[in-house]
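Protein chains in written order, with our numbering: chain A, 937 to 1198; chain B, 937 to 1198; chain C, 60 to 278; chain D, 60 to 278. Written below as structure tokens is the structure these notes are about.
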Amino acid sequence: MSAVAVSRHRIGLVVPSSNVTVETEIPQILGRHTAARFSYHSTRMRMSKVSPEQLAAMNAQRERCIIEIADAGPDVILYGCLVALMSAGLAEHRRVEGLVAEQLATGGSAAKVRSSAGALLEALRALGAQRIALVMPYARPLAERVVAYLEHEGFDVHDWRALEVEDNHAVARIPAADVMGAARSLDREGVDALVISCCVQMPSLDLVETAEQELGLPVLSAATAGAYSILRACGLPVDIPYAGSLLRIDALHHAELRSGSQ
Amino acid sequence: MSAVAVSRHRIGLVVPSSNVTVETEIPQILGRHTAARFSYHSTRMRMSKVSPEQLAAMNAQRERCIIEIADAGPDVILYGCLVALMSAGLAEHRRVEGLVAEQLATGGSAAKVRSSAGALLEALRALGAQRIALVMPYARPLAERVVAYLEHEGFDVHDWRALEVEDNHAVARIPAADVMGAARSLDREGVDALVISCCVQMPSLDLVETAEQELGLPVLSAATAGAYSILRACGLPVDIPYAGSLLRIDALHHAELRSGSQ
Amino acid sequence: MTSLHDEHLVAGVDHAAFPTFDPAGTVRFYRDTLGFPVVHSICAAGWGAKDHPDFIHFFFDIGNEDRIAFFYYFGLEGPDLTQGAGDVYARFPEGTADWFVRSRHLALHVASSEELMEYRRRLDASDWPVEMQIQHETIESIYTHDPNGYMIEFTRALRPVEPQEDLDANLTIDALVEVVQQPHPTMDKLLVRKAELIVQRAEKWQEAQQAAVSDEVRR
Amino acid sequence: MTSLHDEHLVAGVDHAAFPTFDPAGTVRFYRDTLGFPVVHSICAAGWGAKDHPDFIHFFFDIGNEDRIAFFYYFGLEGPDLTQGAGDVYARFPEGTADWFVRSRHLALHVASSEELMEYRRRLDASDWPVEMQIQHETIESIYTHDPNGYMIEFTRALRPVEPQEDLDANLTIDALVEVVQQPHPTMDKLLVRKAELIVQRAEKWQEAQQAAVSDEVRR
């Protein structure tokens, strides 16, 4: 791998205005990639309270944000608010990714588009997970929409916790201990994977590897799923240490192939 | 009627090249109209033998003839070969009239188009005829197509004679006595109208009024039907003497109204 | 060579697209006057080309899964419409024949004369009344120019196209292709060549005609 | 006020019409390369206008009951194509932006990527290979110019347009109409105005969205 020239990639991030976690965790993760260097370019949609009204208004800022971020000529754009999509209606991520792709294509941009919502599904499928458990910061009604969204995509949400923090600024300050506590309290019987933060704003990166070791099952977060999806979109190998088995998936497959197992 | 200014109308005639009767009989009939003056402008489609092959080739000359005749700026064009249309397929006159109308409209001509085939149907319907009898010059197979065509249009062809003259030049020389003889030999039981010449080439104009008096039922010919249709297309009253009751139809209605009958 | 090789696979117009310098008039014409719903819009910048202005691409539903679409470019100056003829896209020198200018147009389909007259009513009550109505027995069309100068026709259903007509049109087109490859093509040469082709193919044509007739009789 | 007053009555494109100075090339492109059947032709003279040449109007079937139609005028000289840009109808000065010239085009619809690739194959094997392919995840289009310089697009089916999208497009268009009636319209002003309209209409919009969601759940 060291013989390969390091490639450079521009990552566009479209985030809720009060979000601070996406722009922290994604660079932390991708910064550990050995074969590529990334630069990050963000733009914001106004939102402070995670309520259906604010989410609808935020979604409507999408067009402006895509115009702004595409001006920077990114290779991939991550549309970084998971609950904004999942609360708007089933399969919304496909609709929105389609519309953004069309907007980019119409303007002659070659940028690819991914969403946090779509990335989470992509990552769970890559892990071969079917029965899952979730930790979320949201108030109960929103959390229930997220659960319904995932079940509609074919996953069995075996157990889940909602920490019921509605202020998005406060979400960024949820103590790691609360998240871990919620994760430990989940019924993990027969669960294939645990989403320790089903939210791009709830910090969790440092917990992913720890929880995976402690709880003995693949652990991922909205951030690790986003990083996974970005790497795939760039056609880069997925082999990043200390962020859960999802981000070592190519190395693991390689190891499996060497040991002769399937 | 004499107080009304005499109107002028240009009549376009599209005829088979060997036809001489249309350009003779139509002017004879319309020349007797008291309220209008007509001029006649013809063009020809090559045909000498009345065979299916020649008829097909002749139909294909239609576009050229319409272009030629429309250049003269006529008010109405009479597409003057009855059997060419009736032998080509059921309802062919509607198809051809539609195509010609489209051709004229596309080139910005306001000329109306009528066909001998369509005119015969229009005249029979104007007379309220349902059960009819026919005299035709054609060979039997063509005559049978004409009968099938009229039956498909809803008429009951009670009896018919085919004089079996195939050469179109010879058709123009069929003696009046032969035509009258054929007409007399028809079973006229319950017949509403007799078509004494179901062909624009077989001369018959002088026979129409005579036959009507002798046989005691409305008699028409391809020529009187054509004249009827031209008058209607020009919006002129149909009141021409000595050419059968069809061409006195407006005068007869007027007389009926005066006598209080329906 | 795929299995799709000989097939006719297109499903009609997806969209007919035009630039506009007057989106307000365009919306007033298509949405408010004609009642064509706005069904889609894309706001974009021109990332692929240099000096490409921001633009919006918007779509009206014209029925039968077809759409008419416009591009509006922010800040782009329209052409000088005080001189010459044509529309906001294509300009022609003064004196260019009308019939040529009008040859490029979009015709929309309506099912009946009543429906045609309803669009005539809508247009006549607007700033864009019908300019021309061709009513020729079996043919009926109305024409106007939209706020961009594009000629729009509404035409009502003609009789369906029949196999016989296809045959005839194909003969005409074969003759046309031959004649225009010779010097000085004329209508006369076209029709003469077509007549020759008919004689050559008369037999086959006759068979097809007869088949069409028997089809009709059987119906 | 008729009963048809509020109805959407158009049934899509009847024909998209263009002049041509190269009918042989046009037939070779649409009929022989793309396989669009010739379905109709009309030979006519121009009886309504003075100095109108004889002409032929011919039609190709483009599926879904739509047609593309050409006018060929006997003896009419085409424009000088050695200078400037554009097609045989619309000419532009040298240096006119490509994106503007291309904004006027006709897009034909195909159902699948396979069908799109079949048309790509037909074009690439011809004198008019695909010039541009936009392949952007859910969107896929190919473009070429026909022998007359008209831009023809083939585009494959996107996801169907949903009610939510219509709502959004209508908001955009309302904002557009307002903004272009003020001096110096920009994309920024459009999007700001659109955001304001959303706030004004948020409640109603939210209800519609929720209705759409429940519809989807019920399916």
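For glycine and all other residues, C-beta sits at the position ideal for the given N, C-alpha and C.
Check	Outcome
9 Å Cβ cutoff, Ile193 of chain D in contact with chain A	yes
Counterpart residues of Phe129 of chain D in DSSP-defined beta bridges	D:Phe77 and D:Phe117
Through-space distance from Arg150 of chain D to His243 of chain D, alpha-carbon basis	28 Å
Test: Asp1007 of chain B CB closer than 9 Å to a CB of chain D	yes
CB contact check: Leu1040 of chain B to chain C, cutoff 9 Å	yes
Secondary structure of Asp225 of chain C, DSSP reduced to three states	helix
CA-to-CA distance, Glu1058 of chain B to Trp1096 of chain B, given in whole angstroms	20 Å
Any 3 or more C-beta pairs closer than 8 Å across the stretch 1128-1135 of chain B and the stretch 1026-1040 of chain B	no
Spatially closest choice to Leu235 of chain C from D:Pro138, D:Asp157 and D:Phe114, by CA coordinates	D:Phe114
Partners in chain B for Ala166 of chain C, counting only beta-carbon separations shorter than 9 Å	Going along chain B, no residue has its Cβ under 9 Å from Ala166 of chain C, so there is no contact; the nearest lies around 12 Å.
Reduced DSSP category for Phe11 of chain D - H, G, I as helix; E, B as strand; rest coil	Residue 11 of chain D lies beyond the residue range present for chain D, which begins at 60 and ends at 278; the question has no answer from this structure.
Assigned secondary structure, Gly192 of chain D (DSSP; H/G/I helix, E/B strand, else coil)	Here residue 192 of chain D turns out to be Gln, not Gly, going by the sequence shown. Gln192 of chain D falls in the strand class under three-state DSSP.
Among D:His116, D:Phe80, D:Arg180 and D:Ala156, nearest to Thr92 of chain D - alpha-carbon criterion	D:Arg180
Nearest candidate by alpha-carbon position, reference Thr1146 of chain A, set A:Ala1112, A:Leu1172, A:Arg1124 and A:Ala1159	A:Ala1112
Per-residue burial, Ala1163 of chain B [other beta carbons within 10 Å of its own, 16 or more giving buried]	buried
Distance between Ile1005 of chain B and Leu1021 of chain B (C-alpha atoms, nearest Å)	19 Å
Beta carbon proximity, Gly1034 of chain B to chain D, threshold 9 Å	no
Closer than 7 Å at the beta carbon, the chain A residues around Leu250 of chain D	Glu999 and Arg1000
Endpoints, beta strand (DSSP E) assigned at Cys102 of chain C	Val97 to Ala103
Per-residue burial, Pro82 of chain C [other beta carbons within 10 Å of its own, 16 or more giving buried]	buried
Reduced DSSP category for His1190 of chain B - H, G, I as helix; E, B as strand; rest coil	helix
Below-9 Å beta-carbon distance, Trp187 of chain C vs any chain D residue	no
DSSP state of Asp1103 of chain B mapped onto helix, strand, coil	strand
Validate contact between the stretch 177-194 of chain D and the stretch 141-158 of chain D using beta carbons, cut 8 Å, 3 pairs	no
Residue burial classification, Arg1061 of chain A (beta-carbon count within 10 angstroms, cutoff 16)	exposed
Extent of the continuous alpha helix (DSSP H) to which Arg1081 of chain A belongs	Arg1076 to His1088
Given 8 Å, three or more beta-carbon pairs between the stretch 68-79 of chain D and the stretch 162-169 of chain C	yes
Length-filtered (4 minimum) alpha helix (DSSP H) runs lying within the stretch 1094-1164 of chain B	1104-1107, 1112-1121 and 1141-1151
Residue-level contact to chain C via CB, Ala1053 of chain B, 9 Å cutoff	no
Close-in-space but distant-in-sequence residues of the same chain around Arg973 of chain A (CB under 7 Å, 5 per side omitted)	Val942 and Arg944
As assigned by DSSP and simplified to three states, the class of Gln1198 of chain B	Because the pLDDT of Gln1198 of chain B is 42, which lies under 50, any placement of that residue in the model is unreliable, and the number read from its coordinates should be weighed accordingly. Here Gln1198 of chain B sits in coil by DSSP.
Whole-Å CB distance - Ile1003 of chain A paired with Thr1160 of chain A, under 8 Å assumed	Not quite, the Cβ-Cβ distance comes to about 29 Å (not below 8 Å), so this is no contact.
Within chain C, the residues that Asp113 of chain D reaches when beta carbons sit closer than 9 Å	Thr245, Met246, Asp247 and Leu249
Pair within 9 Å by beta-carbon distance, Cys1074 of chain B and Cys1001 of chain B	The residue you asked about is not Cys; residue 1074 of chain B is Tyr in the sequence shown. The answer is no: Cβ separation not under 9 Å.
Three-state secondary structure assigned by DSSP to Val147 of chain C	coil
Where Gly1162 of chain A meets chain C, residues with beta-carbon distance less than 8 Å	The premise fails here: Gly1162 of chain A is roughly 23 Å from chain C at the closest Cβ pair, so nothing lies under 8 Å.
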